[in-house]
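K.L.:
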Ligand SMILES: Cc1cc2nc3c(=O)[nH]c(=O)nc-3n(C[C@H](O)[C@H](O)[C@H](O)COP(=O)(O)O)c2cc1C
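In the working numbering, the protein residues as written are 8 to 370.
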């Protein structure tokens with residue numbers, strides 16, 4: 008198990024409707040005032056990162072969607088330590104604009120900006136904005152070139168690249184981002200996603216899953232990364248329902264499921280099965296999700312962070328032992344639950360980490 012403390016990120020609710028496709032009342036808002044306060048609560052609570060989402064159109068909930076880069080910049084301006092990860096979708100973004108925009112934000116935020124390269128799952132969205140819908144392999148080929156260009160532009164004095172999607176000749180970006188350069192996350196769970204992570208990404212972000220399911224992905228990525236002489240870390244999504252008793256937490260889960268919006272969940276299922284199973288081996292995000300799993304956009308119930316603070320802390324340690332370095336978390340009522348998580352769960356995780364270290368030291 009890594010000696011480094013496990014890190015924590017939360018999903019920024021910059022799209023409306025929260026993180027579940029359910030009509031259960033949620034005290035979560037997508038507006039900036041709510042999110043500014045949430046970011047301040049999160050950094051005080053011990054969160055390391057906030058992840059913004061990019062969506063260009065509504066669909067299955069999420070009627071309103073703030074843009075990810077500008078929203079991230081707003082959150083950075085309202086915080087002091089928190090790192091904010093802005094989602095970038097190749098297609099609408101090209102590496103030239105992204106590298107320039109993020110380099111400037113690196114200067115504005117004392118190097119606290121990072122990026123999450125997403126490859127697209129929502130065909131209707133691409134159609135709505137007139138972007139060609141590439142097939143799964145092509146989407147990942149493009150994302151990989153996008154990442155190679157970002158790192159090249161940020162790191163090399165003069166960058167030259169001839170790819171299938173992007174071309175540069177002696178391009179010199181000034182100013183470069185502050186050092187260390189912005190970290191590059193990527194979201195996706197298919198074989199193509201893992202292969203890409205093992206070659207070019209700093210972080211592989213995957214959907215919720217069981218400890219065993221995550222262990223298999225970690226082994227696959229780390230074996231390939233070693234072969235490629237590349238270093239990559241793993242972050243896993245989980246939806247947290249932390250309550251004083253397990254029964255109370257399970258009851259909240261049941262209420263979320265009972266209030267699920269069946270038409271929206273089925274529509275989402277149709278769309279993501281198309282995106283997830285589209286990968287040739289059928290292992291992408293959502294390829295194996297049940298209808299209940301899909302009530303949380305990224306299979307966050309599967310990670311089973313539902314119970315008492317002690318149970319949740321133990322499950323996080325089990326994931327750490329499986330090779331996870333970062334927990335990406337969603338909540339029902341973000342402000343109060345992020346605060347509760349920082350007060351009740353993170354100290355238990357730290358205590359268990361110290362305990363494990365003592366055990367290791369004493370053989
Ligand atoms: C943690 C995480 C965050 C994601 N964020 C976004 C996002 O903000 N916008 C988006 O369009 N897709 C997002 N995605 C979707 C992925 O980029 C990708 O399109 C999807 O997982 C399907 O790819 P796959 O077949 O490799 O799993 C995210 C995925 C994960 C795991």
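Using N, Cα and C, we set each Cβ at its ideal position, and we do this for glycine too. All values reported here derive from a predicted model rather than from experimental measurement.
Helix, strand or coil for residue 200, going by three-state DSSP, please let me know.
P.N.:
DSSP places residue 200 in helix when its eight states are reduced to three.
K.L.:
DSSP has residue 213 in a bridge; who is on the other side?
P.N.:
Partner(s): 243.
K.L.:
Does the stretch 131-138 touch the stretch 106-114, meaning 3 or more C-beta pairs lie closer than 8 Å?
P.N.:
Not touching, per the Cβ criterion.
K.L.:
Tell me whether the stretch 309-322 and the stretch 17-24 touch, counting them as touching only if at least three CB pairs, one residue from each stretch, are closer than 8 Å.
P.N.:
Touching, no.
K.L.:
Take residue 163 as the anchor and find which of 176, 224, 294, 196 has the nearest alpha-carbon.
P.N.:
The shortest Cα separation from residue 163 among 176, 224, 294, 196 belongs to 176.
K.L.:
Is the beta carbon of residue 200 within less than 7 Å of some heavy atom of ligand 1?
P.N.:
Checking the Cβ of residue 200 against ligand 1 gives yes.
K.L.:
Taking contact to mean 3 or more Cβ pairs, one atom from each stretch, closer than 8 Å, check whether the stretch 199-212 and the stretch 138-153 are in contact.
P.N.:
Taking 8 Å as the limit for Cβ pairs, the verdict is that the stretch 138-153 does touch the stretch 199-212.
K.L.:
Just confirm the distance between the C-beta atoms of residue 335 and residue 212, as a whole number of angstroms; I'd bet it's less than 8 Å.
P.N.:
Right, their Cβ atoms sit about 6 Å apart.
K.L.:
Hey, would you say the C-beta of residue 94 is under 7 Å away from at least one heavy atom of ligand 1?
P.N.:
Residue 94 Cβ: within cutoff of ligand 1.
K.L.:
Pick out the complete alpha helix (DSSP H) segments inside the stretch 301-330, 4 residues or longer, and give them in chain order.
P.N.:
The stretch 301-330 contains these whole alpha helix (DSSP H) runs: 316-328.
K.L.:
Whole-angstrom Cβ separation of residue 358 and residue 10, contact assumed at under 8 Å?
P.N.:
Incorrect: roughly 16 Å between the Cβ atoms, too far for contact.
K.L.:
Apart from the five residues on each side of it in sequence, which residues of its chain come closer than 6 Å, Cβ to Cβ, to residue 61?
P.N.:
Closer than 6 Å at the Cβ level, and outside the excluded window around residue 61, lie 75, 94, 96.
K.L.:
Return the chain-ordered ranges of every alpha helix (DSSP H) run that is complete within the stretch 37-74 and spans a minimum of 4 residues.
P.N.:
Counting whole runs of 4 or more residues, the stretch 37-74 contains the alpha helix (DSSP H) stretches 39-52.
K.L.:
Residues in its own chain within less than 7 Å of residue 55 by CB, not counting five upstream and five downstream?
P.N.:
Once the five neighbours on either side are set aside, the close Cβ partners of residue 55 are 14, 15, 16, 90.
K.L.:
Measuring CB to CB, does residue 160 end up less than 8 Å from residue 166?
P.N.:
Result yes, Cβ atoms of residue 160 and residue 166 sit closer than 8 Å.
K.L.:
Quick one, which of 216, 170, 367, 345 has its alpha-carbon nearest residue 309's?
P.N.:
Here the closest residue by C-alpha is 216.
K.L.:
Cα-Cα, which of 123, 338, 265 is closest to residue 313?
P.N.:
The candidate whose alpha carbon is nearest that of residue 313 is 338.
K.L.:
Can you determine whether any heavy atom of ligand 1 sits closer than 7 Å to the C-beta of residue 194, and answer yes or no?
P.N.:
At least one heavy atom of ligand 1 is nearer than 7 Å to the Cβ of residue 194, so yes.
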